[in-house]
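Residue numbers for the sequence shown, in this note's numbering: 15 to 185.
Just below is one structure, and these are the notes that go with it.
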Amino acid sequence: MKKSYLFLMVFSLGFLFISCSNSKPDAKEAAKYNNVIIEQQILIAETIDDLDEAFYLEHELLPYYEKAVNQVNSSIKKIEELENFGKGKYLDNTFKEAALKFAFELKAVLENEYKLLIEYDALLTEEFDEELEDKLYDIYFLIDDLFSEISTSFLESQSKFAEKYGFVLED
15 MKKSYLFLMV FSLGFLFISC SNSKPDAKEA AKYNNVIIEQ QILIAETIDD
65 LDEAFYLEHE LLPYYEKAVN QVNSSIKKIE ELENFGKGKY LDNTFKEAAL
115 KFAFELKAVL ENEYKLLIEY DALLTEEFDE ELEDKLYDIY FLIDDLFSEI
165 STSFLESQSK FAEKYGFVLE D
């Protein structure tokens, strides 16, 4: 009888432990997880804003470009290292995956469109060419459209995450 009672007690404690560790994350946990990801999103946005400002103020773009690329790479690493959200049947990596998608898509824009923008900008400073200047601004507006599209997709994922876990997003 003692063995059965002991077995039942150990089984119950094990079940309780598993049940507690697989509980649905609450709004506070979700908001905290959101904030960790948003810190990285803000750091990326700030370096890209600095790059954009350098373009308009006609500063040398390469140092700002390198800073933005380094920040995106750093943010990707930090997001990848972030623990999964939830456990067991409540595991939910959709927001983490959206954040990684956001960062990788911005990295692609930096490595393609921004790099081309910098190349054209360097040519333009050597010799003024109206056609080249038009191409430069076309690329810049394409970058703006891509950034807007990427950001909108990320913000939609963030909004769904907040709604699912019951916390309010702040501006």
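Just so it is clear, CB atoms sit at the ideal spot from N, CA and C, and this is done for glycine as well.
Length of the line joining the Cα atoms of residue i and residue j
| i | j | result |
| --- | --- | --- |
| K178 | E95 | 23 Å |
| Y78 | F155 | 18 Å |
| E144 | L114 | 38 Å |
| N60 | S37 | Residue 60 is actually Glu in this sequence, not Asn. Answer to the nearest angstrom: the Cα atoms are 36 Å apart. |
| I52 | Y134 | 32 Å |
| S198 | N87 | There is simply no residue 198 to check, as the chain begins at 15 and stops at 185 in what is shown. |
| E72 | E97 | 41 Å |
| G108 | S171 | According to the sequence shown, residue 108 is Thr rather than Gly. Going by the C-alpha atoms only, they are around 8 Å apart. |
| S165 | G102 | 30 Å |
| L27 | Q85 | Residue confidence is low: L27 scores 44 on pLDDT, short of 50, so the model does not pin down where it sits. No coordinate-derived value is stated. |
| A176 | E119 | 22 Å |
Same chain, Cβ closer than 7 Å to residue i, five either side skipped, listed in chain order
| i | result |
| --- | --- |
| A45 | F181 |
| G100 | P39, D106 |
| L146 | Y134, L137, L138 |
Per-residue DSSP class, three states only, for residue i
| i | result |
| --- | --- |
| L71 | coil |
| G102 | helix |
| D155 | Going by the sequence as given, residue 155 is Phe instead of Asp. Correct three-state label for F155: helix. |
| P39 | coil |
| D135 | helix |
| F118 | helix |
| V123 | helix |
| F109 | helix |
| V182 | coil |
| D143 | coil |
Same chain only: Cβ atoms within 8 Å of residue i, ignoring 5 sequence neighbours per side
| i | result |
| --- | --- |
| L65 | L75, Y78, Y79, K81, A82, Y128 |
Beta-carbon spacing of residue i, residue j below 7 Å
| i | j | result |
| --- | --- | --- |
| K92 | Q55 | no |
| E123 | L169 | With the sequence shown as reference, residue 123 is identified as Val, and Glu is not the correct amino acid for it. Against a cut-off of 7 Å, the Cβ pair of L169 and V123 comes out as no contact. |
| S89 | I58 | yes |
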